[in-house]
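Protein chains: 2
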Amino acid sequence: MPQTPHIERHFTGTETVRDIVIGMSDGLTVPFALAAGLSGAVAASSIVVTAGLAEIAAGSIAMGLGGYLAAKTDVEHYASERERELRETAELPEVESEEVAKVFREYGLTEPQMAPVVSAICKDREHWVDFMMRFELGLEPPDPRRASRSAITIASAYVVGGLIPLAPYMILPSVSTALRYSAAITFLALAVFGYVKSRFTGISPWKGALQTVLTGGLAASAAFALVKLIE
Amino acid sequence: MPQTPHIERHFTGTETVRDIVIGMSDGLTVPFALAAGLSGAVAASSIVVTAGLAEIAAGSIAMGLGGYLAAKTDVEHYASERERELRETAELPEVESEEVAKVFREYGLTEPQMAPVVSAICKDREHWVDFMMRFELGLEPPDPRRASRSAITIASAYVVGGLIPLAPYMILPSVSTALRYSAAITFLALAVFGYVKSRFTGISPWKGALQTVLTGGLAASAAFALVKLIE
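Listed in order, the protein sequences are those of chains A and B.
Residues 1 to 231 in the numbering used here are what the first sequence spells out, letter by letter.
Residues 1001 to 1231 in the numbering used here are what the second sequence spells out, letter by letter.
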């Protein structure tokens, strides 16, 4: 029985796909909803475009840097927890080997069954610490080069997503006409995005499409209603 | 040796703290940067406030629903993967028990050492599948009630964060004066937020404060520069 196809079936999207999804979800939704909301208050497309582009600049940088810092923090957090486990296996070996035993006890192993396993794992410091990191703390070693790649992917996806709902306001001088075109192409883009996205998360594609369209619609309606209320 | 304080030292923030951090990071940054950007183009505080509130409505709903859907997807993804593992332990038991063995082999166990452990784990279907979920796929069982709580926490944090930079524009009629006050209180809020946040991620608090302030400053500067460029 070959192993590869079996592993493949559990595939749920690479980190790049995840970063694109993070950036594009908000990129398609927030600039669209902001532009729709402002359409209820201003007569000139140019103000909607200015606000929309300012939002795209702000949002893409905030999310991109957010992704960068999150990835950097993961790396530092992993390193500091690993340091601590290394120290603890030296200072409190009996506590730490008991924690290895605890993991196996949860799976119904008896003490005589687990004794050789625990001592085999604890014999090698690297194995011991890796075991604690993964099975006690649930931490996987993060990729240290991921941060900048992640930042660029998230920010680019946000910009691409955000320019779609703004395009009609850039072309058409009438805000109300632009709003209708913006809503139409954004809903289409959200549906396609939701459909494609759900292939990576394992949920039904039509449900995925409905979810992203509803999210965009709700955010835009709320922004529009709020602006009308202020007027 | 008591176990509790040992576990406590690994504490890295509950899910609620994480949701507050997610909502507040963007809530403090994006509405601030958008308002700062628009300050370069419009003379009336009222347009900045309208755009800012529209952004808060759009951003809080987009992020809140995003958190809701992510949590729901986690639950569905876990359930479908668990279903698959249940099926596979029935249909391909020898492949699945070999995968249990593979986990132990990585930690330097010999075949005679792991044989009783593997057969003990595979004796009980629940233990077997739980072991595969956690150790082969690295998936922890998600809390099914988390989705709506997560959505409300993220959205509320976004609204609270977003109202801080907007407050000066609501009070002061002059956009340029409001921008100065907005920058001052937002940078203070970002510094406090970054300082407090880093206590949960394990990085140095001053570094955390610097990171959030720089992110906010960069996003606002980019939005301001872009708006000036359009003008």
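We treat Cβ as the ideally placed atom computed from N, Cα and C, and that holds for glycine.
Classification of residue 1024 (chain B) by the beta-carbon crowding that lies within 10 angstroms, buried from 16 upward: It is buried - the Cβ of residue 1024 (chain B) has at least 16 other Cβ atoms within 10 Å.
Residue 1156 (chain B): first and last residue of the uninterrupted alpha helix (DSSP H) it sits in: 1146 to 1171 is the span of the alpha helix (DSSP H), which, as asked, contains residue 1156 (chain B).
Inter-stretch contact at 8 Å, needing at least 3 Cβ pairs: the segment 94 to 108 of chain A / the segment 1118 to 1134 of chain B: Counting Cβ pairs under 8 Å, three or more are found: they touch.
Three-pair Cβ contact test at 8 Å for the segment 54 to 63 of chain A versus the segment 1037 to 1050 of chain B: The answer is yes - the segment 1037 to 1050 of chain B touches the segment 54 to 63 of chain A, with three or more Cβ pairs under 8 Å.
Bridge partners - residue 57 (chain A), DSSP secondary structure assignment: In the DSSP assignment, residue 57 (chain A) forms no beta bridge with any residue.
is_contact[residue 78 (chain A), chain B] using C-beta, thresh 7 Å: It does not; no Cβ of chain B falls within 7 Å.
Runs of alpha helix (DSSP H) wholly within the segment 24 to 85 of chain A (minimum 4 residues, chain order): Whole alpha helix (DSSP H) segments, 4+ residues: zero.
Against chain B: residues of the segment 200 to 215 of chain A by CB proximity under 7 Å: Against chain B - using a Cβ distance shorter than 7 Å - the residues of the segment 200 to 215 of chain A are 201, 202, 203, 211 and 215.
Nearest-angstrom Cα separation, counted from residue 134 (chain A) out to residue 1215 (chain B): Spanning the two alpha carbons is a distance of roughly 32 Å.
For residue 81 (chain A), the nearest candidate out of A:101, A:140 and A:124 (CA to CA): When only C-alpha atoms are compared, the closest one is A:140.
Contacts of residue 109 (chain A) in chain B (Cβ-Cβ under 8 Å): Correct list: 1117, 1120 and 1121.
CA-to-CA distance, residue 183 (chain A) to residue 189 (chain A), given in whole angstroms: Those two C-alpha atoms are separated by around 10 Å.
Contact list for the segment 1125 to 1153 of chain B against chain A, Cβ threshold 8 Å: If you check each beta-carbon in the segment 1125 to 1153 of chain B against every beta-carbon of chain A, the ones closer than 8 Å belong to 1127, 1130, 1131, 1134, 1135, 1137, 1138 and 1140.
Residue 1221 (chain B) (DSSP reduced to helix, strand or coil): Here residue 1221 (chain B) sits in helix by DSSP.
Nearest residue (CA-CA) to residue 1197 (chain B), options A:14, A:69 and A:103: Checking every option, the nearest Cα to that of residue 1197 (chain B) belongs to A:69.
Spatial distance of residue 1151 (chain B) from residue 1116 (chain B) (CA atoms): Straight-line Cα distance between these residues: approximately 45 Å.
Sequence-distant residues of its chain with Cβ nearer than 6 Å to residue 1096 (chain B) (five each side left out): For residue 1096 (chain B), where only same-chain residues beyond five positions count, the Cβ hits under 6 Å are 1088 and 1089.
Nearest candidate by alpha-carbon position, reference residue 1017 (chain B), set B:1193, B:1212 and B:1230: With distances taken between Cα atoms, residue 1017 (chain B) lies closest to B:1193.
Short CB-CB distance (under 7 Å) between residue 1071 (chain B) and chain A: Not a single C-beta of chain A is nearer than 7 Å to the C-beta of residue 1071 (chain B).
Cβ of residue 162 (chain A) within 7 Å of any chain B Cβ: Residue 162 (chain A) does not count as touching chain B.
Residue range of the alpha helix (DSSP H) that includes residue 1109 (chain B): Note, residue 1109 (chain B): premise wrong, no alpha helix (DSSP H); not H, not E.
Identity of the residues DSSP links to residue 174 (chain A) by a beta bridge: Beta-bridge pairing links residue 174 (chain A) to A:44.
Enclosing alpha helix (DSSP H) for residue 1135 (chain B) [first to last residue]: Taken as a continuous stretch (DSSP letters only), residue 1135 (chain B) belongs to no alpha helix (DSSP H), as it is neither H nor E.
Beta carbon proximity, residue 38 (chain A) to chain B, threshold 7 Å: Residue-level contact by beta carbon holds for residue 38 (chain A) and chain B, with a gap shorter than 7 Å.
Best match in B:1124, B:1202 and B:1044 for proximity to residue 84 (chain A) [C-alpha to C-alpha]: Closest by C-alpha distance to residue 84 (chain A), out of B:1124, B:1202 and B:1044, is B:1202.
Cα-Cα separation, residue 79 (chain A) to residue 144 (chain A): Roughly 11 Å separates the two Cα atoms.
Outcome for residue 1199 (chain B) when other beta-carbon atoms lying within 10 angstroms are tallied against a minimum of 16: Answer is exposed; the Cβ neighbour count stays below 16.
Cβ of residue 1019 (chain B) within 7 Å of any chain E Cβ: The question asks about chain E, but that chain is absent: this structure's protein chains are A and B.
Given residue 1165 (chain B) as reference, the closest of B:1030, B:1065 and B:1021 once Cα atoms are compared: Its Cα nearest to that of residue 1165 (chain B), the residue B:1030 stands out among B:1030, B:1065 and B:1021.
Beta carbon of residue 41 (chain A) nearer than 7 Å to that of residue 175 (chain A): Not closer than 7 Å, so no.
Below-7 Å beta-carbon distance, residue 45 (chain A) vs any chain B residue: Residue 45 (chain A) does not count as touching chain B.
Test: residue 1182 (chain B) CB closer than 7 Å to a CB of chain A: No, because no Cβ of chain A sits closer than 7 Å to the Cβ of residue 1182 (chain B).
Simplified DSSP state of residue 204 (chain A), which is helix, strand or coil: Note: residue 204 (chain A) maps to coil in three-state DSSP.
Pairwise C-alpha distance: residue 130 (chain A) and residue 213 (chain A): Linking residue 213 (chain A) to residue 130 (chain A) through their CA atoms gives a straight-line distance of about 43 Å.
Classification of residue 1229 (chain B) by the beta-carbon crowding that lies within 10 angstroms, buried from 16 upward: So residue 1229 (chain B) counts as exposed.
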